[in-house]
Every structure is written in structure tokens, then in C-alpha cells.
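Residue 154 in numbering that gives the first Met the number 0 sits at position 155 of the sequence shown, and the numbers go up by one each step. C-beta atoms are modelled at their ideal positions from N, C-alpha and C, and glycine is treated no differently.
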Amino acid sequence: MASTLAVVAALAAVGSSHAFLAPAPMAFKGPMALRSTAPFRCAVPAVSRRVNAAALGLNMVSESDLKGAKEMIEGIVDKTNANPLMVRLAWHDSGTYDVNIKEWPACGGAIGSIRFDPEITHGANAGLNTAVKMLEPVKAKYPEVSYADIFQMASAAGIELAGGPKIDMKYGRVDAAGPEDCSPEGNLPDAEAGDEGKYGGAGGTASTEDTTPNGHLRKVFYRMGLNDEEIVALSGAHTLGRAWKDRSGLGVDKTKFTDGSKVARKDGKEGVGKKGGSSWTEKWLAFDNSYFTTIPDEGADKELLKLSTDKTLFGDDGFKPFAEKFRDSEEEFFKSYAAAHKKLSELGSKFEPADGIKI
């Protein structure tokens, strides 16, 4: 385990930790299959369940393997401070989902397709190959755990280890089979407008192009089947992570909050992973509601990021009530965030068994 963590720590040092939104300069521009139920589930030991699953042609993972993978992932995330990177990986996998496409896996979503080229090379996914490599030892040790499960498990672990709410996750996702299952480029959101003053583009499964940040966010997230409260709650995950100037063109090379001189973790432990970048919050490895207290605060430190897609949460009539509620109550934010994260993690997923596996 120690040698594995040493390898992933080295990988994390070169990884990106910018969360969901893909800044326009580096982003894309111009942008149910058969469900089977496991026989005798709950009453039969794991070995028997595997036999029954095999008889039905399924590749069902055991609870013990899922628990082992979760423990291993938690060790990796804690050692490398890769919480934001893992959140971004899982969200960019699930964020391709199109609620209007009914066929699996063409609908996209949390299906593990981000591990394949061309999806991993999409502009919005710059640096995420590092996250995939960091998690390969988990797949090697627990091969029956799908990549889709591993990615989503790592994201939930990243949130929880940073002090965030416990996510009511379920597992048993079926993986995309190959590059042919990748979603087209253009489904993920931009953080700022491009050179022509537009956010998003005509690419992807549906156009996300808009001249306003709030309009763009709705086109992206409504396509996934998410609502205004969920958009705002998920945006709050920018309490974690940083933007990197050399990848997105946003922010600066480093700030007093990201140069390694300050403690960024909620538990007070030292360590930041790779130094540098621009963060939205002072403690960018702590999951709390500080994103919502910082964005509307005119007196907030000028080195903290406030992008157009951040500020619109307090300017748009539909978003503002939720942003203010989350600013005033961390408990309310955690409640809404946990529900939205769970929903996002299951978008487009096909589970075996059909109702998933809780651990």
C-alpha cells in the first residue's frame, strides 16, 4: 500500500484540481438496456451471488470488493490531497448525460467512458488522465469494480474526507465498452465566455451556446435533467480546488492561499499536493459553504476567484434564493449538495443489480 501511495502522490503533483466548470480558453468551443435483478439478493452470501450473476451473464461486483476499493481510494485521496481532482473526474464523466437520449450508453453519464480517447482528450478534460492513472491500482486490485464505480467512489470520498456531507452512494455501474461509447465534445459548461462573447457552443448532444452565464448554465444542466437548486448546490463544490493559468488562462500562477504557506485542509493537516493556481476559497481543501460566503462579499480577498458563472448565482432571480440560503446555512447547503451529488453520480448509469449495491 505504501508503494502504491507513493506512486499516486507523484501523479497528483502534476494533476489539475479545478472542479466542474471548464474555462472557455481551454474548453471545447464551437462548440435502457436490459436490467437484470440478482436472484436471492440480500439473503445469499457474496460467493453465491457471484455464481447466480454469472449464470445470468452478469458481471456483478461483491460488497467486499467495493469496500476494499473504497478503503484504498480513501488512502490515495488522503495521501495526495487529490480531493478536487477526483471530484472533477467523476463530474466530467457523469456531466455528459443527455436526458433526451434514451438509449444506453449513447445517453452518456456516469459510465466510465472518460477513460477512453477521444473523451479524455476533450479540452474540458485537460489533466484528468492523471486522475485516471492514480486510480488504476484500485482497478488492478479489484478488477470486478467498474471504472464508473471507481470514479464516482473517488469523488464521494473526496467530498467526505474534506469535511463535506456523506453521500448516499450506490454501486454496481456497468462500464462503457470502448471509445465508440464516448460522448461528443461540447456537453460540459464553460466558466467564462470565449473570444466572441459566447459561452458554450453548438457541439455536444445539444447546443449549450448562450451570451449569458446563467443561460449557459441552464442549457448545460437542464440537458442533464437538473434544476436550479441543483445547479447552485453543485456549484458550491468550487469551495474545493483551483484553476490553473497554464491550462485555462484563468487565475494566476499562485496566490498566498495556494503557494503552500497556508494550511488548506479542514482537518488542519499539512499538504496541498501541487502548489499554485487560483482558488475560490481560502481553505480550498475544506468542504464547507465558504464559496457562498465569499462570492457575494465585496471585501473578500482579491486573490480569490470570482468568475462570471460564480457571480451569476447571486444575480439571477432563479439562482439567487438558493445561493443566499446556502450562504446563510451550511446545514442547508450540505443537505441540498448531498442530494444533488448523488443524482449527478447516477445520471446515465446502468446498474447490476438494477437497484444498485449499498456498502
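{"Asked": "Is DSSP giving residue 88 helix, strand or coil here?", "Found": "helix"}
{"Asked": "Report all residues from its chain with a CB closer than 6 Å to the CB of residue 341; omit the five preceding and five following residues, and keep chain order.", "Found": "166 and 167"}
{"Asked": "To the nearest whole angstrom, what separates the beta carbons of residue 249 and residue 191, a pair I think is in contact under 8 Å?", "Found": "7 Å"}
{"Asked": "Please check the pair residue 227 and residue 318, which I expect to be a contact at CB under 8 Å, by giving their CB distance rounded to whole angstroms.", "Found": "6 Å"}
{"Asked": "When DSSP builds the beta bridges, which residues end up paired with residue 350?", "Found": "172"}
{"Asked": "Can you say whether residue 179 is buried or exposed, counting buried as having 16 or more other CB atoms within 10 angstroms of its CB?", "Found": "exposed"}
{"Asked": "Within 10 angstroms of the Cβ of residue 285, are there 16 or more other Cβ atoms? Answer buried if so, exposed if not.", "Found": "buried"}
{"Asked": "Please confirm whether residue 96 has its beta-carbon closer than 8 Å to some beta-carbon of chain D.", "Found": "Given the protein chain composition of this structure (a single chain), no chain D is represented."}
{"Asked": "Please list the terminal residues of the continuous alpha helix (DSSP H) segment that includes residue 139.", "Found": "127 to 140"}
{"Asked": "Could you tell me whether the Cβ atoms of residue 282 and residue 173 are closer together than 8 Å?", "Found": "no"}
{"Asked": "Over what stretch of residues does the alpha helix (DSSP H) that includes residue 246 continue unbroken?", "Found": "244 to 247"}
{"Asked": "Determine the DSSP secondary structure at residue 74, reduced to helix, strand or coil.", "Found": "helix"}
{"Asked": "Out of 305, 65 and 308, point me to the one whose CA is closest to residue 137's CA.", "Found": "65"}
{"Asked": "What is the DSSP secondary structure of residue 209, counted as helix, strand or coil?", "Found": "strand"}
{"Asked": "Return the Cβ separation of residue 89 and residue 161 in integer angstroms, given the expectation that the two are a contact with Cβ distance under 8 Å.", "Found": "With a Cβ gap of about 14 Å, residue 89 and residue 161 do not count as contacting."}
{"Asked": "To the nearest angstrom, how far is the alpha carbon of residue 217 from that of residue 115?", "Found": "27 Å"}
{"Asked": "Assign residue 225 to one of three DSSP states: helix, strand, or coil.", "Found": "coil"}
{"Asked": "Does the distance from the CB of residue 253 to the CB of residue 224 come in under 8 Å?", "Found": "no"}
{"Asked": "Just reading off the alpha helix (DSSP H) that residue 326 is part of, what are its end residues?", "Found": "319 to 327"}
{"Asked": "Could you check which residue in 308, 265, 149 and 331 has the C-alpha nearest to that of residue 169?", "Found": "149"}
{"Asked": "Give the single residue among 158, 101, 100 and 82 whose Cα lies nearest to the Cα of residue 133.", "Found": "82"}
{"Asked": "Taking all protein chains shown into account, do 16 or more other C-beta atoms lie within 10 angstroms of the C-beta of residue 102, making it buried, or fewer, making it exposed?", "Found": "exposed"}
{"Asked": "Could you say which of 313, 186, 113 and 335 lies nearest to residue 145 if we only look at CA atoms?", "Found": "113"}
{"Asked": "Would you say residue 59 and residue 345 are within 8 Å of each other, going by their C-beta atoms?", "Found": "no"}
{"Asked": "Between the C-alpha atoms of residue 290 and residue 321, what's the straight-line distance to the nearest angstrom?", "Found": "13 Å"}
{"Asked": "If you count every other CB in all the chains shown that lies within 10 Å of the CB of residue 139, and 16 or more means buried, which is it?", "Found": "exposed"}
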